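Comments concern the structure below.
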């Protein structure tokens, strides 16, 4: 079965520090990959997605992620954290690439940012 | 604001009862997805409708059912509720049928007492 693993349920960084949230997937067929963010008491908002083409994907709010097929990873990074980045982050895949429909989510990583 | 609306925002009910959650997709979107978010199971896909027809099914219990109406809004019906059904239920929508960006609504928080 397809699965998504997010390493670290909680990540804490200082304001201005590098943010690195890890995501690994298992899929026999290259999937489409997504990162969503969930702020308290809100729905999920798409940060970025990878379908095909360039493996380094830039998203909103200064985030980016790199698809590494050999490592089955899609880690999310941001060079400098802001207090407003504190939220829960979810990595998701649609298995079977473009033929998939439903999103399979990881367990989520809560990002805390301290001043 | 994603453009997806869900009502009600909060729902408190008792075990054994039946509730209906409503979702209106973004204008122009034909697909509607339902997801359940709970502390122990995380975010799980329940069911997808595309232009009125069931398209894909996930971990949806037999006590749960959904439908999509001609105006493309969707309803998720939860019956014979149990304590374990307490969760956040999200609706998402997308333009087409497969592997596209899904836009999520704010969710309905269900508490079963």
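Chains as they are written, first to last, in the working numbering: chain A, 1 to 115; chain B, 116 to 228. We put the beta carbon where it would ideally sit given N, CA and C, even for glycine. Just so we're clear, the structure is a prediction, and the values are computed from it rather than from any experiment.
Whole angstroms is fine: what's the gap from residue i's alpha carbon to residue j's?
i                     : j                     : result
residue 50 (chain A)  : residue 36 (chain A)  : 12 Å
residue 207 (chain B) : residue 140 (chain B) : 7 Å
residue 43 (chain A)  : residue 71 (chain A)  : 30 Å
residue 177 (chain B) : residue 143 (chain B) : 30 Å
residue 17 (chain A)  : residue 114 (chain A) : 10 Å
residue 89 (chain A)  : residue 202 (chain B) : 18 Å
residue 109 (chain A) : residue 79 (chain A)  : 18 Å
residue 103 (chain A) : residue 168 (chain B) : 19 Å
residue 164 (chain B) : residue 81 (chain A)  : 38 Å
residue 175 (chain B) : residue 65 (chain A)  : 32 Å
residue 199 (chain B) : residue 152 (chain B) : 12 Å
residue 224 (chain B) : residue 162 (chain B) : 18 Å
residue 93 (chain A)  : residue 8 (chain A)   : 18 Å
residue 83 (chain A)  : residue 14 (chain A)  : 9 Å
residue 215 (chain B) : residue 226 (chain B) : 31 Å
residue 219 (chain B) : residue 29 (chain A)  : 26 Å
residue 10 (chain A)  : residue 59 (chain A)  : 22 Å
residue 63 (chain A)  : residue 130 (chain B) : 43 Å
residue 154 (chain B) : residue 160 (chain B) : 15 Å
residue 24 (chain A)  : residue 146 (chain B) : 27 Å
residue 182 (chain B) : residue 204 (chain B) : 15 Å
residue 148 (chain B) : residue 180 (chain B) : 12 Å
With a CB to CB cut of under 6 Å and the five nearest residues on each side skipped, what residues in its chain are close to residue i?
i                     : result
residue 12 (chain A)  : 112
residue 3 (chain A)   : 26
residue 127 (chain B) : 226
Quick one: residues in its chain with C-beta nearer than 7 Å to the C-beta of residue i, no 5 flanking neighbours on either side, listed in chain order?
i                     : result
residue 38 (chain A)  : 44, 87, 88 and 90
residue 197 (chain B) : 130 and 227
residue 107 (chain A) : 6 and 9
Below 8 Å on the Cβ atoms is my contact criterion, and I expect residue i with residue j to pass it. Report the Cβ-Cβ distance as a whole number of Å.
i                     : j                     : result
residue 121 (chain B) : residue 211 (chain B) : Actually they are not in contact, since the Cβ atoms of residue 121 (chain B) and residue 211 (chain B) sit about 21 Å apart, beyond 8 Å.
residue 74 (chain A)  : residue 33 (chain A)  : 4 Å
residue 19 (chain A)  : residue 55 (chain A)  : Actually they do not touch by this definition, with Cβ atoms about 19 Å apart.
residue 157 (chain B) : residue 105 (chain A) : 6 Å
Only counting the same chain, and skipping five residues up and downstream in sequence, which positions put a Cβ closer than 8 Å to that of residue i?
i                     : result
residue 101 (chain A) : 94
**Study point:** Cβ contact check for the segment 189–206 of chain B and the segment 126–146 of chain B: 3 or more pairs under 8 Å
**Key:** yes
Check your understanding: Going along the chain, which residues of the segment 38–60 of chain A sit with their C-beta nearer than 9 Å to a C-beta in chain B?
Key -> 38, 41, 42, 43, 44, 45, 46, 49 and 51
Practice item. Select from the segment 99–114 of chain A all residues with a C-beta closer than 8 Å to any C-beta belonging to chain B, and list them in chain order. Key: 99, 100, 101, 102, 103, 104, 105, 106, 107 and 108
Point to revise | chain B contacts made by the segment 65–90 of chain A, where a contact means CB separation under 9 Å | key: 90
Check your understanding: Any residues in the segment 146–160 of chain B with a beta carbon nearer than 7 Å to a beta carbon of chain A? Which ones, in chain order?
Key -> 148, 157, 158 and 160
Point to revise | chain E contacts from the segment 209–223 of chain B (Cβ-Cβ distance under 8 Å) | key: Chain labels in this structure do not include chain E; the protein chains are A and B.
Exercise for review: Output, in sequence order along the chain, the residues in the segment 169–197 of chain B whose CB is closer than 8 Å to any CB in chain A.
Suggested key: 170, 171 and 173
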